[in-house]
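Report on the following structure.
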Amino acid sequence: MTLKHFMTMAAGATALMAAFAAAPASADDAKLEELKAQGFARIAIANEPPFTAVGADGKVSGAAPDVAREVFKRLGVVDVVASISEYGAMIPGLQAGRHDAVTAGLFMKPERCAAVAYSEPVLCDAEAMLVKKGNPKGFKSYADIAKDQSATIGAPGGGTEEKLALEAGVPRERVIVVPDGQSGLKMLQDGRIDVYSLPVLSINDLVKKANDPNLEVVAPVQGAPVYCDGAAFKKGDEALRDAFDVELAKLKESGEFAKLIEPYGFSAAAAMSTTREKLCAAAN
């Protein structure tokens, strides 16, 4: 084989590899163009203030949707349209194409990172437990609940708190799936559960609205890690995720990010102190 023939073949192979490499990116980039033409992005939320909230008029707010709305707007997608989903149904819904993104306090965990394409961190929080005033059973951790053979804990189905309770040894039959914050609050007040667990900010928001002096917040839960969420995208939509990340980084750098999330009680510094790579690698 002559050098000329070799160079020709090598150039052809390089061009072929480049074509293969470019093909997924082109298909991927089409997702953003599709959303621009559609005029909105479909997001899944949990209606769990201050992460996400839906007003009586149907208006969607909360820290996560507010950030998503602003980022998508900067990407040329005019608005977001939200649908309420249980945490356990969010990733399957995303994978099935029912949502374009999940912006709902869906904390990054290695197994979730394997299933979806997360943005860089948006909201960070720790875990809390809501109990009766005086914390009569002295619960400070999920392990404490496991040790009390009569204790029951309420948590969102498919959420982090449900998983942490089960991992701590609380039997499945004593972990009660609760559809929303108001239901969890009522079940605790009525004595149907001994503990209701959510992130600190969500529990504090619930207690503030309840204005019930017979309740007490235990926070942070001992032994429970601090988590951060990010906007979650379907695998294959990495170009959309990357474009989202670019605008998110600009928001963080300009100070607009802090203005969006800090009124809800979140720390911009916390979200900017870590990365998707670190969170997805964490052995939580």
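Read left to right, the sequence shown gives residues -27 to -1, 1 to 257 (mature numbering (1 follows the signal peptide of the UniProt record, and there is no 0)).
Just so you know, even glycine gets a beta-carbon here, dropped at the ideal spot from N, CA and C.
Bridge partners - residue i, DSSP secondary structure assignment
i: Tyr91; result: Ala205
i: Met102; result: Ser170, Val191
i: Ile57; result: Ile18
i: Ile126; result: Val148, Val168
Exposure of residue i, with buried meaning 16 or more beta-carbon neighbours within 10 Å
i: Gly31; result: exposed
i: Ala244; result: buried
i: Ser246; result: exposed
i: Asp98; result: buried
i: Lys4; result: buried
i: Pro38; result: buried
i: Gln28; result: Checking the sequence shown, residue 28 turns out to be Gly, not Gln. Gly28 is exposed by the Cβ-count criterion.
i: Ala(-1); result: Any reading at Ala(-1) needs caution, since the residue's pLDDT is 47, under 50, leaving its predicted position unreliable; the model's value is listed next. Classification for Ala(-1): exposed.
i: Ala242; result: exposed
i: Ala55; result: buried
i: Gly35; result: buried
Test item: CB-CB of residue i and residue j under 9 angstroms
i: Gly127; j: Gly157; result: yes
i: Leu161; j: Lys105; result: yes
i: Asn184; j: Ala101; result: no
i: Leu48; j: Phe239; result: no
i: Pro83; j: Asp202; result: no
i: Glu59; j: Gly154; result: no
i: Glu220; j: Val51; result: no
i: Ala138; j: Val148; result: yes
Nearest to residue i (by Cα), restricted to the options the options
i: Lys136; options: Arg85, Pro38, Gln122; result: Arg85
i: Gly209; options: Ala88, Ala192, Val54, Asn184; result: Ala88
i: His72; options: Lys159, Thr125, Ile234, Ala204; result: Ala204
i: Pro129; options: Asn20, Glu7, Gly107, Pro236; result: Asn20
i: Glu189; options: Leu103, Gly35, Arg214; result: Leu103
i: Lys113; options: Phe24, Val194, Lys225; result: Val194
- Query: Are three or more beta carbon pairs between the segment 69 to 78 and the segment 12 to 31 nearer than 8 angstroms?
  - Reply: Contact between the segment 69 to 78 and the segment 12 to 31 is present, because at least three Cβ pairs lie under 8 angstroms.
- Do three or more CB pairs link the segment 106 to 121 to the segment 140 to 155 at distances below 8 angstroms? Because the criterion of three Cβ pairs below 8 angstroms is met, the segment 106 to 121 and the segment 140 to 155 touch.
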